[in-house]
Amino acid sequence: MPVLEIAVIGHPNEGKSSVLSTLAEDDSVRVSPFPGETTKCRAFPVLIDGREILRFIDTPGFQHPERLLYELKKLAGKEANPAEALRQRFVSDTSLRDDLELLAPVARGAAILYVADGSRPLRQVDRDEMEALRLTERPRMAVINCKDDDQRYLEDWRSEFRRNFNANRMFNAHRVTYAERIALLDALQAIDQEWQPVIAEVVAAVKKDWQARLDTSVEIILAMLEEILAFRLNESRSRLRDEAAFMARLRKKYCASVAEKEKRAQERLRDLFRHRRFYYRLAGHSILDQDLFSETTWSLLGLSRQQLVILGALGGAAVAVGLDALAGGASLGLFASLGGVVGAAGAWLGGEQLVKGVKIIGIPLGEESLQIGPNSNINLLFVLMNRMFLYFQETINWAHGRRDYPEAVATAGQAGFTQRWPAGQIKTCRAWFEALIHDESETVSRLRPEMREIIAASLMEISR
Ligand SMILES: Nc1nc2c(ncn2[C@@H]2O[C@H](COP(=O)(O)OP(=O)(O)OP(=O)(O)O)[C@@H](O)[C@H]2O)c(=O)[nH]1
Ligand SMILES: [Mg+2]
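For the sequence shown, position 213 (counting from the first letter as 1) is numbered 201 according to the working numbering, and the numbering increases by one without interruption.
Here it is in structure tokens:
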């Protein structure tokens, strides 16, 4: 059976390549603010288990729609395949070369996905283009890709669409979510009955693939948390050297290693969702742009006050953390506990409880070996989880067709995903955290499925 083709067609600069890029999750598609960026048809295959079952074709914009319509009108009703007949007629006449290039896939049987910017007024050339497409007699659907928020012209567009297309939909190449992408694919079933089973297969495969990506995301996040929370850094120093400077360096090195591990996990997520070019200036993103260990990060992404009280009621090390965090900047809690590590060796900061998890592990002649980490502040777990959730949210909602990077503003409320979690979940996290920092691998493994579920539920909610 031949592969089904869908040609994305329209006026220059309306967002055809952007729509295709987003639909096919391919950010290598050439998109530009200048008309005429796409000059040749280019195919984007949809593979299922390595088998190509559908192919999108990016095409250049119309150049002479009026003339094209005039020529097609002469053939309509007389030819079984008017687009192919026109091609044949113009083999040695180059005056319609560009328009015939874009119609080439249609001539060989492709369906049409017409893209128009619905935020501008409808013009005669648009009417000509649409009528020309209707005369090709191929299955066709129109997509309104609004580049601006202006809605005044939408009704004009819609009524023209109803005249010329089998179906029409809104699809914003920059802002659609995964769910809207699926909905557009789903809607393609309506344009031709013959296609229905193939499109249904594509939709099912895309959904399955998405679920698999969610599962992998959970594993990426879990693995990162386990790696960072159990992380220990050892360093020897001469006893004669300046202690404060040594401690400061050690702490800096620890923070840098943790940040590096976090960044690697983010990159894995980005690859998983097939973003290669994209660089988001994470806005509110600013929270992710902020240093992992900054006070802002910790106060926005750490446990809520109420949650700290809940943990405090459980007793033990968390009480100290809780009180510390309630008393001042949450980041102080972190540094106190890191300082506590160091404090075991020298007169650094902190009370007894904060020294937990930090050791001097050997004192050979003239040298001592210090270990920093694991970090005993449970807020680190929540800060890391919230940052990964935020990164996940940004990644899945970043349309592949998007090439601008505006400064968006996110509120703190959006970022603190875990602050809405019930006490039961927080307690499971705490048990897992304690097991991790105390190297109790059996408990870690026993709690892992529960942690996996907690994280999976959050990702599901974010992606809905
Ligand atoms: N704000 C906004 N801009 C968009 C949207 N879709 C496309 N653009 C911008 O419009 C310009 C043209 O987009 P393309 O996707 O290259 O348009 P095209 O129809 O393929 O253009 P040609 O290949 O030149 O015919 C680019 O600067 C896009 O970033 C959208 O949904 N919102
Ligand atoms: Mg293009």
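Glycine residues also receive a C-beta, built at the ideal position from the N, C-alpha and C atoms.
Enclosing alpha helix (DSSP H) for residue i [first to last residue]
| i | result |
| --- | --- |
| residue 49 | Run containing residue 49: none; DSSP gives neither H nor E here. |
| residue 0 | Taken as a continuous stretch (DSSP letters only), residue 0 belongs to no alpha helix (DSSP H), as it is neither H nor E. |
| residue 127 | Note, residue 127: premise wrong, no alpha helix (DSSP H); not H, not E. |
| residue 208 | 184 to 217 |
| residue 261 | No alpha helix (DSSP H) holds residue 261; DSSP gives it neither H nor E. |
| residue 146 | 142 to 152 |
| residue 418 | 411 to 425 |
| residue 408 | From DSSP, residue 408 is part of no alpha helix (DSSP H); its letter is neither H nor E. |
| residue 22 | Run containing residue 22: none; DSSP gives neither H nor E here. |
| residue 53 | 53 to 63 |
| residue 433 | 429 to 451 |
| residue 369 | 367 to 384 |
| residue 87 | 85 to 95 |
| residue 170 | 166 to 175 |
| residue 72 | 70 to 77 |
Proximity test, residue i beta-carbon vs ligand 1 heavy atom, cut-off 7 Å
| i | result |
| --- | --- |
| residue 437 | no |
| residue 23 | yes |
| residue 113 | no |
| residue 131 | no |
| residue 3 | yes |
| residue 461 | Absent from the structure is residue 461, since the part of the chain shown begins at -11 and ends at 452. |
| residue 162 | yes |
| residue 53 | no |
| residue 415 | no |
| residue 19 | yes |
| residue 122 | no |
| residue 157 | no |
| residue 62 | no |
| residue 93 | no |
| residue 391 | yes |
| residue 6 | yes |
| residue -2 | yes |
| residue 49 | yes |
Cβ-heavy atom distance, residue i to ligand 2, below 7 Å
| i | result |
| --- | --- |
| residue 28 | no |
| residue 46 | yes |
Residues near residue i by beta carbon distance below 6 Å, same chain, minus five either side
| i | result |
| --- | --- |
| residue 117 | 50 and 53 |
| residue 407 | 292 |
| residue 43 | -9, -7, 31 and 33 |
| residue 304 | Reliability fails at residue 304, whose pLDDT of 38 lies under 50, so the model's placement of it is uncertain and the value that follows must be treated cautiously. Excluding residues within five positions, none has a Cβ falling inside 6 Å. |
| residue 40 | -9 and 33 |
| residue 149 | 130 and 156 |
| residue 451 | 384 |
| residue 109 | 141 |
Interface flag, residue i vs chain D, CB-CB below 8 Å
| i | result |
| --- | --- |
| residue 133 | Of the chains in the structure shown, none is chain D; there is only one protein chain. |
Own chain residues within Cβ distance below 7 Å of residue i, not counting five before or after
| i | result |
| --- | --- |
| residue 135 | 3, 105 and 107 |
| residue 57 | 116, 119 and 120 |
| residue 352 | Low confidence applies to residue 352: its pLDDT is 44, below 50, so where it sits in the model is not reliable, and the reading given next is rough at best. Nothing listed; no residue qualifies. |
| residue 63 | 70, 73 and 74 |
| residue 14 | 32 and 388 |
| residue 443 | 206, 209 and 210 |
| residue 174 | 191 |
| residue -4 | 4, 7, 8, 44, 45, 46, 47, 101 and 103 |
| residue 186 | -8, 41 and 42 |
| residue 257 | 205, 208, 379, 380 and 383 |
| residue 152 | 118, 119, 121 and 122 |
| residue 438 | 416 |
Residues of its chain near residue i, where Cβ-Cβ distance is below 8 Å and the 5 sequence neighbours each way are ignored
| i | result |
| --- | --- |
| residue 127 | 99, 100, 154, 179, 180 and 183 |
| residue 238 | 221, 223, 330, 358 and 360 |
| residue 203 | 444 |
| residue 113 | -1, 50, 53 and 54 |
| residue 80 | none |
| residue 316 | Low confidence applies to residue 316: its pLDDT is 31, below 50, so where it sits in the model is not reliable enough to give any reading. |
| residue 448 | 202 |
| residue 301 | Low local confidence applies: a pLDDT of 40 at residue 301 is under 50, so the model's placement there is unreliable, and no value is given. |
N- and C-terminal bounds of the beta strand (DSSP E) containing residue i
| i | result |
| --- | --- |
| residue 102 | 99 to 104 |
| residue 155 | 155 to 158 |
| residue 31 | 30 to 36 |
Tell me, please, whether the stretch 211 to 226 touches the stretch 413 to 426 by the rule of three or more beta-carbon pairs shorter than 8 Å. yes
Can we say the stretch 239 to 252 touches the stretch 359 to 374, given the rule of at least three CB pairs closer than 8 Å? yes
Do the stretch 68 to 75 and the stretch 94 to 101 meet, that is, are 3 or more Cβ pairs less than 8 Å apart? yes
Given 8 Å as the limit, is there contact between the stretch -5 to 12 and the stretch 34 to 49, that is, 3 or more CB pairs closer than that? yes
Three CB pairs or more closer than 8 Å across the stretch 137 to 144 and the stretch 159 to 167: no
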